[in-house]
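Take the sequence shown: its letters are residues 131 to 554, numbered as in this note's numbering.
Every residue gets a Cβ at the ideal spot worked out from N, C-alpha and C, and that includes glycine.
Every value quoted in this text rests on a predicted model; they were computed, and no experiment measured them.
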Amino acid sequence: RPSAPAAEGPCAREILSRLARRAYRRPVTDDDLQTLLGFYETGRAERGFEAGIQKAIERVLVAPEFLFRIEREPPDLAPGTAYRLTDLELASRLSFFLWSSIPDEALLSAAEAGRLHEPAELERQVRRMLADARARALVDDFASQWLQLRRVRGVMPDTDVFYEFDENLRADMERETLLFLESQLREDRGLLDLLRADYTFVNERLARHYGIAGIYGERFRRVTFDDDDNRGGLLGHASLLTLTAYPTRTSPVLRGKWLLDNILGMPPSPPPADVPALEENHGAAQPRSVRERMERHRANPACAVCHRVMDPPGFALEHFDAIGRWRATDETGAPVDAAGALADGTMVDGPATLRQALLAHEHSFVGTVIEKLLTYAVGRSIEYYDQPAIRKITAAAVSDDYRWSSIVLGIVESVPFQMRRSES
């Protein structure tokens, strides 16, 4: 607070100029400042200097310039014309992509100086931002959008069947996946390590859930799967296995569809409207396995086309129960049958062989992750005219083992990220 009343006006001007510049992500105009000073004067007249600043800040926080990312079209463009974002608009797009927040002083200053469009400066800023702790937001928010990870908070396994499940275990499942993804980004690993990594993060509770001995306490720590080819990578995470199951049983269909959607980028068509639900075992004298009951769907020609593609990768994960524990027998007590043929004829019989099959088609997996990350970065669906950019990003990252930094740089330097099409 200024020590003298005469200093209050200049002090308020300085405070509000700095605040609005950061909040609006651009230089503050005289009109901006006069509007805020008007709110300041109103509050000051009511309850003094602090109340005036508070009232002006409240105005900043409801301003469209703060609430929205505004990207203005140049005048007189024909509809559909591509145009480049300004450096200030690029700075906002970059900071919300990597940090889910506003640009910091270094990024905003580079944009104001007109340097952000320079390739060397842009790369320097991207690498600096990826190394910053705020890049954790990219992990949290992208994992939620791509893997649908936050959905695990809403799934409700039947605790009469899975009595070990509770809210603490649910939170531990989500925490494991976030720590794993954070390590992938922080260590700048290749995208293929998302599938083939031989480590994860567990605390005592989750280690017990996975059958890992020698882990004690609530603290998460990194563990390596020296003798287990089935648990490594995202395919073995209980969070993802739980959100792709039903409350009382596994679902090869849900797991297969999730894999096609999010790992291979081959979403199946919606099912026909008149397909009956899978028959359950309620009161059955001789319980039938999920595989046996699903034969009814595959017998329907309208269903068989999609289920022939969708079911085998889902069945390959049947050794994991509905809350992600390894099992040898299914819900009926019969030995788990995880065998099947993928769409290309590759035979799989569990998570390890499924992982090998997915890695054999690395371009499909990498292309899918890049498309999902580009969708997240630009905040819109990918269109046909974006495909050349995705292919270019993928091809450029091959020599660097598809490392995260190469992928992120490729996206930031791409046409979809740096340009827009006129809508007017």
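Distance between A375 and A452, taken at the CA atoms: about 5 Å. The beta carbon of T307 sits closer than 8 Å to those of A273, L277, L279, L364, H367, S369, L370, all from its chain and outside the five residues before and after it, given in chain order. By a beta-carbon distance limit of 8 Å, F495 contacts L488. Their separation comes to about 6 Å. Residue state for R361 is assigned as coil, using DSSP reduced to three classes. Counting C-beta atoms within 10 angstroms of its own C-beta, F198 has fewer than 16 neighbours from the protein chains shown and is therefore classed as exposed.
F450 sits in a strand when the DSSP states are folded into three classes.
According to the DSSP assignment, F292 belongs to no alpha helix (DSSP H), since it is labelled neither H nor E.
Residue pairing for V353: DSSP places it in a beta bridge opposite T330. Straight through space, the alpha carbons of K502 and A263 are spaced by roughly 22 Å.
The three-state secondary structure of G470, taken from DSSP, is strand. P397 is positioned such that its CB atom lies no closer than 8 Å to that of L389.
For the stretch 242–268, the full-length alpha helix (DSSP H) segments reaching 4 residues or more read 249–261 along the chain.
Within the same chain, Cβ atoms closer than 7 Å to the Cβ of P287 are found at F295, T372, P377, A452, I453, the five residues on either side in sequence being excluded. A471 places its beta carbon 8 Å or farther from that of S419. When only Cα atoms are considered, E317 and D356 end up about 20 Å apart. Taking a cut-off of 8 Å for Cβ pairs, the stretch 222–232 and the stretch 162–169 do not touch, as fewer than three such pairs fall below it.
Linking L218 to D359 through their CA atoms gives a straight-line distance of about 47 Å.
If you draw a straight line from the Cα of H437 to the Cα of P157, it comes to about 56 Å. Counting C-beta atoms within 10 angstroms of its own C-beta, E448 has 16 or more neighbours from the protein chains shown and is therefore classed as buried. Residue burial annotation: Q517 is exposed, with fewer than 16 other C-beta atoms found within 10 angstroms of its C-beta.
The straight-line gap separating the alpha-carbon atoms of E348 and R335 is approximately 7 Å.
Excluding its 5 nearest sequence neighbours in each direction, G173 has C-beta neighbours in its own chain below 8 Å: A181, G182, I183, Q184, K185, A186, listed in chain order. Here M424 carries a helix assignment [DSSP, helix/strand/coil]. Here Q275 is exposed, its C-beta having fewer than 16 other C-beta atoms within 10 Å. By DSSP's assignment, R550 forms a beta bridge with Y213. Note: V496 is not bridge-paired with any residue in the DSSP secondary-structure output.
If only uninterrupted beta strand (DSSP E) runs of at least 3 residues are considered, those enclosed by the stretch 174–218 are 212–214.
Buried is the label assigned to D441, since at least 16 other Cβ atoms lie within 10 Å of its Cβ.
Of the candidates M477, T289, L322, V383, L322 places its Cα closest to the Cα of V528. Going by C-alpha positions, Y340 is about 29 Å away from T498.
Around the beta carbon of L504, a 10 Å sphere encloses 16 or more other beta carbons of the protein chains shown; the residue is thus reported as buried. Excluding five sequence positions before and after T354, the CB atoms of its chain that fall closer than 6 Å to its own CB belong to D328, Y329, given in chain order. Sixteen is the threshold: when 16 or more other Cβ atoms of the shown chains lie within 10 Å of the Cβ of S544, as they do, the residue is buried.
Counting C-beta pairs with one atom in each stretch, the stretch 507–524 and the stretch 298–306 have fewer than three that are closer than 8 Å, which means they do not touch. With a beta-carbon spacing of about 20 Å, E235 and L215 fall beyond the 8 Å limit used to define contacts.
The C-alpha of R300 lies about 23 Å from the C-alpha of T459.
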